[in-house]
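The sequence shown begins at 1 in the UniProt record's numbering and counts up by one.
Note that the Cβ used here is the ideal one computed from N, Cα and C, for glycine as well.
The structure displayed is predicted, hence computed values, not measured ones.
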Amino acid sequence: MNNSSNTEDSIRTIGQILQEARMAKSLTIEAAAAASKVPLSFVRLMEQEQFYLVPDTLYLTRFLTEYAAFLGLDSKQLLTQLKEQMKAARVSELSHAVPSIDSRIDLRRLLIYLLPAAAVIPLIFIGLSLFSGPSPTAPPAQDSPVPSSAETGTPPPESLVATQPSPQVAPLGAAQPKEVATAQPITATPGQEPQSPSARYRLWAAAKETTWLAVAADGAPRRETLLRPGETAQWWANNRFIVTIGNPRGVTISLNGRLIALKGESGQVIRNLALPEDSGPSPAGQ
């Protein structure tokens with residue numbers, strides 16, 4: 001009876017034997033791997049007979065023994081069959097990898113005929129290129145007359161250049177900030193003013209041109225602002241402001257509602273302007 005079962009097992013492969021034993025227990029491959037404590041990747045590898053993926057056969061032998069014991073199979077018989085199956089796989093790979101003597105002879109004969117042909121083909125192309133001669137070149141295209149500005153109705157280039165505004169060149173001593181934050185414009189509807197906090201002084205700036213300002217209130221770190229035409233900004237302080245203005249002609253500044261006279265040309269820089277001065281305006285709300 002055992003001889004007949006051994007004969008049937010030898011006909012079937014290891015993967016078939018393991019799958020049938022697992023399915024007889026009504027187990028999925030994941031459940032069988034968890035119950036046998038064999039890694040799921042090795043269980044799939046053994047059932048799919050991908051033994052060549054394992055670099056060391058010691059792992060394969062160990063996991064096959066544990067998995068076979070869990071399924072109630074003869075582990076010694078499976079190990080013997082594993083060795084025979086892997087040996088047969090190596091023999092088949094070698095038989096396909098090593099060409100026969102006849103095929104080697106055929107390749108040598110083929111190379112004998114191919115080498116002269118490979119040397120002659122470039123000579124043929126060189127000869128054809130020499131005898132064919134240069135190809136006729138097309139005559140140069142005649143330059144079509146360019147219509148004058150009077151015909152097209154467009155103004156001459158001189159007039160176009162004259163209408164373009166010349167770029168403004170800032171003085172060498174002017175400080176250009178590398179990176180400033182754009183202030184959000186504070187707009188007020190007619191008849192209304194934003195509510196002022198409990199501060200003595202209110203500084204108001206309205207931009208006519210793009211202007212950079214840096215304002216420090218009551219000794220705090222200065223805050224940089226970039227105002228574009230039409231934008232406004234305001235600051236509050238109890239003691240004084242220290243103001244730096246990058247374009248004095250492009251901005252109007254008032255302190256508690258009184259205009260501040262700014263001395264400077266467009267593009268120049270007014271540094272460390274203290275507001276209010278000794279004879280400054282009265283505090284806000286007074």
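message: Taking 8 Å as the cut-off, does the stretch 226 to 244 touch the stretch 259 to 274 (at least 3 CB pairs, one atom from each stretch)?
response: yes
task: Taking residue 50 as part of the beta strand (DSSP E), name the residues at either end of that continuous run.
output: Indexing the sequence shown from 1 puts residue 50 at position 50. Run containing residue 50: none; DSSP gives neither H nor E here.
Exposed unless 16 or more other CB atoms sit within 10 angstroms - verdict on residue 17: The sequence position of residue 17 within the sequence shown is 17, counting from 1. Flag for residue 17 reads buried.
message: Comparing C-alpha positions only, which one of 235, 269, 28, 256 sits nearest to residue 250?
response: Position 250 of the sequence shown holds residue 250. That would be 269, whose Cα lies nearest to the Cα of residue 250.
field: Identified DSSP bridge partners for residue 211
entry: Taking the first residue of the sequence shown as position 1, residue 211 is located at position 211. Per DSSP, 227.
query: Which class does residue 120 belong to by DSSP, given the choice of helix, strand or coil?
result: As a working mapping, residue 120 is identified with position 120 in the sequence shown. Three-state result, residue 120: helix.
- prompt: What does a CB cutoff of less than 6 Å around residue 300 pick up in its chain, not counting 5 residues either side in sequence?
  reply: The chain is shown only over 1 to 286; residue 300 falls outside these bounds and no answer can be derived.
query: Hey, how far is the Cα of residue 44 from the Cα of residue 67?
result: Counting from one through the sequence shown, the residue named residue 44 turns up at place 44. Counting from one through the sequence shown, the residue named residue 67 turns up at place 67. Cα-Cα distance, rounded: 11 Å.
query: Counting only runs that start and end within the stretch 14 to 43, where is the alpha helix (DSSP H) found for 4 or more residues in a row?
result: 14 to 24, 29 to 36
message: Please state the DSSP three-state secondary structure of residue 258.
response: In the sequence shown, residue 258 corresponds to position 258, counting from 1. Of the three classes helix, strand and coil, the one that applies to residue 258 here is strand, per DSSP.
message: Would residue 259 and residue 248 qualify as a contact pair, given that the criterion is a beta-carbon distance under 7 Å?
response: Locating residue 259 in the sequence shown gives position 259, where the first residue counts as 1. Locating residue 248 in the sequence shown gives position 248, where the first residue counts as 1. Cβ distance not < 7 Å, so residue 259 and residue 248 don't count as in contact.
Supposed contact pair residue 51 and residue 60 - C-beta distance, whole angstroms, cut 8 Å: As a working mapping, residue 60 is identified with position 60 in the sequence shown. As a working mapping, residue 51 is identified with position 51 in the sequence shown. About 6 Å separates the two Cβ atoms, so the contact holds.
- prompt: Whole-angstrom Cβ separation of residue 30 and residue 40, contact assumed at under 8 Å?
  reply: As a first step, residue 30 must be located in the sequence shown, where it is residue number 30. As a first step, residue 40 must be located in the sequence shown, where it is residue number 40. Rounded, the Cβ-Cβ distance is 6 Å, consistent with contact.
- prompt: Closest by CA to residue 81, which one among 217, 238, 21, 13?
  reply: Working through the sequence shown from its first residue, we reach residue 81 at position 81. Nearest of 217, 238, 21, 13 to residue 81, Cα basis: 13.
task: Would you identify the three-state DSSP class for residue 90, choosing helix, strand or coil?
output: Locating residue 90 in the sequence shown gives position 90, where the first residue counts as 1. Three-state result, residue 90: helix.
task: Return helix, strand or coil for residue 60, following the three-state DSSP convention.
output: Taking the first residue of the sequence shown as 1, we reach residue 60 at position 60. Looking at residue 60 - three-state DSSP - the assignment turns out to be helix.
query: Helix, strand or coil: which one does DSSP assign to residue 12?
result: To locate residue 12, count along the sequence shown from 1; it is residue 12. Looking at residue 12 - three-state DSSP - the assignment turns out to be coil, as it is neither helix nor strand.
task: Buried or exposed for residue 119, please, with buried defined as at least 16 other CB atoms from any protein chain shown within 10 angstroms of its CB.
output: Counting from one through the sequence shown, the residue named residue 119 turns up at place 119. So residue 119 ends up on the exposed side.
message: Tell me the rounded alpha-carbon separation between residue 121 and residue 85.
response: Your numbering for residue 121 matches position 121 in the sequence shown. Your numbering for residue 85 matches position 85 in the sequence shown. Approximately 51 Å between the Cα atoms of the pair.
message: Assuming contact is defined by CB atoms lying nearer than 7 Å, are residue 73 and residue 32 in contact in what I supplied?
response: The count along the sequence shown starts at 1 and reaches residue 73 at position 73. The count along the sequence shown starts at 1 and reaches residue 32 at position 32. No, these two residues do not count as a Cβ contact at 7 Å.
field: DSSP three-state assignment for residue 179, whether helix, strand or coil
entry: Here the question's residue 179 lines up with position 179 in the sequence shown. Unreliable placement is indicated for residue 179, whose pLDDT of 38 sits below 50; no coordinate value is reported for it.
- request: Hey, could you find the ends of the beta strand (DSSP E) residue 272 is sitting in?
  value: Numbered from its first residue, the sequence shown carries residue 272 at position 272. Counting along the chain, the beta strand (DSSP E) containing residue 272 begins and ends at 270 to 275.
Buried or exposed (CB count within 10 angstroms, at least 16 for buried), residue 215: Working through the sequence shown from its first residue, we reach residue 215 at position 215. The residue is buried, with at least 16 neighbouring Cβ atoms inside 10 Å.
message: With a threshold of 6 Å on Cβ separation, who are the neighbours of residue 150 within its own chain once the five nearest residues in sequence on each side are excluded?
response: In the sequence shown, counting from the first residue as 1, residue 150 sits at position 150. The predicted position of residue 150 is uncertain, since its pLDDT is 45 and thus under 50; a value taken from the coordinates is nonetheless stated next. Once the five neighbours on either side are set aside, residue 150 has no close Cβ partner at all.
field: Best match in 202, 209, 231 for proximity to residue 217 [C-alpha to C-alpha]
entry: Your numbering for residue 217 matches position 217 in the sequence shown. The shortest Cα separation from residue 217 among 202, 209, 231 belongs to 202.
query: Applying the criterion that 16 or more other CB atoms from any shown protein chain within 10 Å of the CB defines a buried residue, is residue 255 buried or exposed?
result: Taking the first residue of the sequence shown as position 1, residue 255 is located at position 255. So residue 255 ends up on the buried side.
query: Can residue 213 and residue 225 be called in contact, C-beta distance under 7 Å?
result: One-based indexing of the sequence shown puts residue 213 at position 213. One-based indexing of the sequence shown puts residue 225 at position 225. It is a contact, given that the beta carbons lie within the stated cut-off.
- request: For residue 112, collect the residues of the same chain with a Cβ closer than 8 Å to its Cβ; drop the 5 residues on either side in sequence, then sort them by chain order.
  value: Start at 1 with the first residue of the sequence shown, and residue 112 comes out as number 112. Hits under 8 Å: none found.
query: Is residue 237 buried or exposed, if buried means 16 or more other CB atoms sit within 10 Å of its CB?
result: As a working mapping, residue 237 is identified with position 237 in the sequence shown. So residue 237 counts as buried.
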